[in-house]
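Novice: Be aware that the sequence shown starts at -8, since it is given in the working numbering, and climbs by one per residue.
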Amino acid sequence: MNFDFEQYNLLYNKIKRFILSQNSPFKFYTLFSFVTKEIKLEFLNSKYLENLYQKNFIIKNILYNLQFEFYKDFNFALIFENDIIFFEKIPNLPSYFSMLNGKFIIEDKSTFKSNLPYENQLRSFYFTLENFNKNEDQIEKAIDSGLKFIYEPELFDNALKIFNLTQRSLNLKSLNIAYKKLVKKYHPDISKVIDTKKEDELIKIYEAYRILKNSML
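1. I'd like to confirm the pairing. Which residues does DSSP put opposite L69 in its beta bridges?
2. Taking C-beta to C-beta, are K46 and T21 nearer than 8 Å?
3. Per the contact definition of three or more C-beta pairs closer than 8 Å, is the segment 53 to 69 in contact with the segment 137 to 153?
4. Output needed for K18: all residues of its chain with C-beta closer than 8 Å, excluding positions within five of it in sequence on either side, in chain order.
5. Assign R212 to buried or exposed, taking buried as 16 or more other Cβ atoms, counted over all protein chains shown, within 10 Å of its Cβ.
6. Secondary structure at K104, three-state DSSP: helix, strand or coil?
7. With 16 other CB atoms within 10 Å as the buried threshold, where does S15 fall?
8. Comparing C-alpha positions only, which one of L156, K189, P144 and K171 sits nearest to S24?
9. Can you tell me which of the three DSSP states F17 falls into?
10. Given S165, which residues of its chain have a CB within under 7 Å of its CB, disregarding the five upstream and five downstream residues?
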């Protein structure tokens, strides 16, 4: 499908207002859930994975554009680190907000670094609109090569329940610990008992792990 700029502009303003209404750091999932449930953004002509990818793509594109806007117009930084989104006031030199690193960098005064944004490859990916129209095979390859994005809220919530985690407690360390415990419980090579129900559970665990790991930016 083609990139709908009218829809994009409406979404841009709604996401901007949502972000500005937040008084504390929040998770990317919170924003994704808002876009999915409240705004009901859907691409009806796309297959499931393409629909999911396109929603993530537009949200990330808007976040990076807002990062520039807030930096230029309001003198504060919109930062998304791991799966957390938050603001920081831009300090005076010699500190500057590095778009390359997505955080503040302390430079020696003699370098005279300016408070200008820097490019990085991930930002360039989301700024290249041709990347919006990837097919399922291309998306799968991108995921295999390290592209991360959030899944539908219902799938995401179910994956959290499988590992007995919450949005607040989810991080790579807690996920890996919970994952290893469940694999040890259900894996036939470890439990020494062949059980088709256990095999089904193991498949759910693998899929839930992939969903949660891919959700972490």
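Just so it is clear, CB atoms sit at the ideal spot from N, CA and C, and this is done for glycine as well.
Specialist: If we stick to the structure as given:
1. F78.
2. Judged by their CB atoms, K46 and T21 are not nearer to each other than the 8 Å cut-off.
3. Contact annotation: the segment 137 to 153 does not touch the segment 53 to 69, with fewer than three C-beta pairs closer than 8 Å.
4. The residues are D74, I75, I76 and Q158.
5. Residue coverage of the chain in this structure runs from -8 to 208, which leaves residue 212 outside it and unanswerable.
6. Low confidence applies here, because K104 scores a pLDDT of 37, under 50, leaving its location unreliable and the question unanswered by this model.
7. In this structure S15 is exposed. Its beta-carbon is surrounded by fewer than 16 other beta-carbon atoms within 10 angstroms.
8. Nearest to S24 by alpha-carbon distance, out of L156, K189, P144 and K171, is P144.
9. Three-state DSSP puts F17 in a strand.
10. Answer for S165: L156, listed in chain order.
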